[in-house]
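J.:
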Ligand SMILES: [Zn+2]
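Numbering (the working numbering), first residue to last: 99 to 383.
(1) Closer than 7 Å to a non-hydrogen atom of ligand 1 - does that hold for the CB of residue 276?
(2) According to DSSP, residue 307 sits in a beta bridge with which residue or residues?
(3) For residue 192 and residue 220, what's the separation of their Cα atoms in angstroms?
(4) With respect to 7 Å, is the separation between the Cβ of residue 287 and the closest non-hydrogen atom of ligand 1 below this value?
(5) Shorter than 7 Å, the distance from the beta carbon of residue 172 to the closest heavy atom of ligand 1, or not?
(6) Near residue 162, which residues of its chain fall below 6 Å by C-beta distance, leaving aside the five closest residues on each side in sequence?
(7) Is DSSP giving residue 234 helix, strand or coil here?
(8) DSSP beta-bridge partners for residue 174?
(9) Are residue 257 and residue 248 closer than 8 Å when you measure CB to CB?
(10) Under a Cβ-count criterion, where at least 16 other Cβ atoms within 10 Å of its own Cβ denotes burial, should residue 286 be classed as buried or exposed?
(11) Suppose contacts are defined by Cβ-Cβ distances below 8 Å. Is residue 271 in contact with residue 308 by that definition?
(12) Using the rule of at least 16 other Cβ atoms within 10 Å of the residue's Cβ for burial, across every protein chain shown, is residue 348 buried or exposed?
(13) With C-beta atoms as the reference, is residue 169 less than 8 Å away from residue 223?
(14) Is the beta carbon of residue 259 closer than 8 Å to that of residue 334?
(15) Got a sec: does ligand 1 put a non-hydrogen atom nearer than 7 Å to the Cβ of residue 222?
(16) In angstroms with no decimal places, state the Cα-to-Cα distance between residue 176 and residue 233.
(17) Taking residue 158 as part of the alpha helix (DSSP H), name the residues at either end of that continuous run.
(18) Note down, one range per segment and in chain order, each beta strand (DSSP E) of at least 3 residues found wholly within the stretch 212-297.
(19) With DSSP as the reference, label residue 206 as helix, strand or coil.
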């Protein structure tokens with residue numbers, strides 16, 4: 099709590115991811131787990147579902163995923179505004195590890211800041227806007243460039259669920275290819291809403307879509323679920339890549355895959371347990 103209070107007070111101390119090709123927690127702390135329906139353990143105040151608590155979640159999710167190597171200087175996590183479902187909260191253009199509450203901006207579903215005189219936003223904010231616009235069930239989005247998934251975004255071998263924690267991946271993680279969708283408009287970034295809409299169409303009702311040679315978009319019911327999914331996605335990709343090198347390998351069986359609907363969560367209790375653990379690892383507890 100003291101550390102978090104310091105981080106909030108002194109930002110400097112904060113130094114401490116056709117339309118789709120389809121080529122195919124560890125030890126938790128000893129504190130009591132958050133009850134079902136409650137938020138994770140990093141929260142410093144504010145009622146569950148309050149704007150204050152949501153803002154805290156945005157900061158924590160960015161810092162956790164940076165600490166775990168899912169995000170580096172780039173990538174970002176957003177959360178839908180708790181009182182205005184037509185808006186979402188996302189940092190200004192800043193490395194996720196350094197994101198502070200004062201960096202958070204509100205955006206509408208066109209991807210533009212509500213305050214257009216504020217600081218510079220991320221260029222790829224349109225990914226978030228497009229997903230929130232068509233997925234009422236989604237309350238948090240992560241765009242990342244996690245290295246472990248990149249080979250599967252350019253290979254004919256699909257990223258498939260091979261470990262139990264990543265069963266949300268299913269057998270056919272779709273790959274979105276901007277160059278194929280927009281011939282002659284090559285762009286390294288999702289720099290407008292049209293590109294974002296195309297990516298959201300590729301995502302469909304799923305939890306994840308890869309972006310060829312770029313990264314992924316991961317969505318969930320809340321930031322705790324998105325953090326768990328991103329970390330499990332990364333671990334699954336590492337295990338699958340090693341398994342491929344070993345030879346024949348076994349994917350999760352069809353019956354073991356989660357529905358691609360994000361409503362089919364790995365489990366609130368598991369997500370909260372993981373959130374608490376990763377908060378500790380990131381120095382947020
Ligand atoms: Zn990107």
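C-beta: ideal position from N, C-alpha, C; glycine also.
T.: This is what the structure gives:
(1) no
(2) 315
(3) If I take the Cα positions, the gap works out to 8 Å.
(4) yes
(5) Checking every heavy atom of ligand 1 against the Cβ of residue 172, one is found closer than 7 Å.
(6) 325, 376 and 380
(7) coil
(8) 241
(9) no
(10) Only exposed fits residue 286, as fewer than 16 other CB atoms lie within 10 angstroms of its CB.
(11) yes
(12) exposed
(13) No.
(14) Closer than 8 Å, so yes.
(15) It does: the Cβ of residue 222 is within 7 Å (strictly closer) of some heavy atom of ligand 1.
(16) 14 Å
(17) Per DSSP, residue 158 is one residue of the alpha helix (DSSP H) stretching across 149-165.
(18) 238-242
(19) strand
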